[in-house]
Amino acid sequence: MASFITPYHFLYLFFFFPHLSASSVTHLCSHHEATSLIHFKNSFSIIKTEFTSFLCDDIAGLKSYPKTNSWKEGTDCCSWDGVTCDHLNAHVIALDLSCSWLYGNFPSNSTLFLLPHIQKLNIAYNDFNYSKMPSEFGQFTRLVYLNISETLFAGKVPSQISHSSKLVSLDLSHNVFFDQLTIDKNTLEGLVHNLTEVRHLFLDRIIMPSINLNVFMNLSSSIKSLSLGGCDLQGKFPSNILHSPNLNLLNLGYNRNLSLDLLNFNQSSNLEHLDLSWMSFTKLIDSIDNLCLEIFGFVSFPFTGINFDIIGEPLAAHLFRLVMEPIEWRSSIVNSKPDTASTLENS
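Residue numbers -22 to -1, 1 to 325, in mature numbering (1 follows the signal peptide of the UniProt record, and there is no 0), belong to the letters of the sequence shown in order.
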């Protein structure tokens, strides 16, 4: 008897084995998300300013260019420069617009905040013209990576930013030569308390008046990077931070009224990058040659009574690089930061 396939067989396959057809379907991003991105783009001018050129191209060593030029209405936003979509349903899950020449005030009602599936957001090295940092950043409850560093935000860090409690990496670093951003005691305590999964925290040059330094001891034991350079910290930083089991990078430099006791340094520590430049010291540990560091920031220490001969062959044998210049250290910090691609994979 001859075998044959009727139309009913195709219906059977379609309804009971839908994955056979789904694998060949390419999902396009939703009209809502594409429109939100276009409106976000149109809320800024695309201008290469001296600020972004200096910090992005010269300091960070990144190539700046207008990524949003590839954003065209009527095309799939998943193919746009800087946009990453979920392969399953084409939701926008990552946006990397760092060094993209965005210029203008950042609106609090920005359509950027209409992208609820975002897990990674990087808008670093753009010029937001001293506008306030919107509290709506705290609406991104799925975020694991947020980088809004060097963006010329001014005023205070909003307390709501700690509502993004799944953050693994947070970078709010700013440049004191161009702007001034502050964070108050309650907001900082909220960050430390709520970000229980944070591994990388960069708050460089954010002014922190009247901060209880012990708050940093409440950070997760998973913390790998803690950068607080130029934050106007005062007093004695808790030395137990050096015992954090996973700490790889510690930057306390350019806090002239801050001290740190290194006498009980844990020589089995995983610490590789340490900057104590321009801090208030009277002596260093005699066994500094036992510090197994890759990079040691040692920029113009205002030491008194220190034997600088200890910065010699023993230490050099263990160091990958002894950083003596501020720009050099700045570049090393930037290169140590996690990128948007690796953060999702490792979170």
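Even for Gly, the Cβ is constructed at its ideal location relative to N, Cα and C.
From a predicted model like this one, the values you see are computed outputs, not experimental measurements.
Beta-carbon gap between residue i and residue j smaller than 9 Å
| i | j | result |
| --- | --- | --- |
| I185 | T165 | no |
| residue 336 | H69 | Lying outside -22 to 325, the shown extent of the chain, residue 336 is not represented and no answer is given. |
| L148 | L124 | yes |
| W256 | N233 | yes |
| residue 404 | L73 | As shown, the chain starts at -22 and ends at 325. That puts residue 404 outside it, with no answer to give. |
| residue 332 | C77 | With the chain covering -22 to 325 only, the question about residue 332 has no answer from this structure. |
| S151 | L197 | no |
| L254 | L225 | no |
| S137 | S88 | no |
| L130 | N104 | yes |
| L179 | G213 | no |
| I201 | S222 | yes |
| L121 | K98 | yes |
| L220 | S247 | yes |
Span separating the alpha-carbon of residue i from that of residue j
| i | j | result |
| --- | --- | --- |
| I189 | W49 | 43 Å |
| E28 | Q117 | 32 Å |
| P187 | N67 | 45 Å |
| L191 | S258 | 15 Å |
| L204 | G52 | 43 Å |
| T13 | P85 | 16 Å |
| L90 | S109 | 16 Å |
| H95 | I71 | 5 Å |
| C209 | R183 | 5 Å |
| E175 | V135 | 20 Å |
| A294 | L240 | Low confidence applies here, because A294 scores a pLDDT of 42, under 50, leaving its location unreliable; read the following figure in that light. In a straight line, the C-alpha of A294 is about 19 Å away from that of L240. |
| L40 | H17 | 26 Å |
| K45 | G207 | 30 Å |
| A102 | S127 | 5 Å |
| V170 | D162 | 13 Å |
| A319 | S142 | Note that A319 has pLDDT 49, beneath the 50 cutoff, so the model's placement of it is unreliable and the number below is only indicative. Rounded to whole angstroms, A319 to S142 spans 19 Å at the Cα level. |
| H9 | S113 | 26 Å |
| G60 | L15 | 11 Å |
| A38 | R177 | 21 Å |
| L227 | F32 | 25 Å |
| N231 | D36 | Looking at the sequence itself, residue 231 is Gly, so the reference to Asn does not match. Cα to Cα, G231 sits roughly 21 Å from D36. |
| I25 | M111 | 20 Å |
| M195 | L211 | 15 Å |
| P316 | W58 | 23 Å |
| T62 | E11 | 12 Å |
| K144 | Q158 | 27 Å |
| I139 | K19 | 22 Å |
| A132 | S23 | 19 Å |
| N285 | L75 | Residue confidence for N285 is low, a pLDDT of 42 falling below 50, so the modelled location carries little weight and cannot support an answer. |
For residue i, the residue or residues it bridges with in DSSP
| i | result |
| --- | --- |
| L227 | S203 and H251 |
| C212 | Before going further, note that residue 212 is Gln rather than Cys in the sequence given. Paired residue(s): N235. |
| D74 | N100 |
| F180 | D149 and S205 |
| S31 | In the DSSP output, where bridge partners are listed per residue, S31 has none listed. |
| A68 | DSSP output for A68 lists no bridge partner at all. |
| G133 | L159 |
| S23 | Y81 |
| K110 | A132 |
| V61 | L73 |
| Y123 | K98 and S147 |
| D36 | Answer is none; D36 lacks a bridge partner. |
Integer-rounded CB distance, given that residue j should sit under 8 Å from residue i
| i | j | result |
| --- | --- | --- |
| G82 | F106 | 7 Å |
| C34 | S42 | 4 Å |
| F215 | L238 | 5 Å |
| V146 | E167 | Actually they do not touch by this definition, with Cβ atoms about 20 Å apart. |
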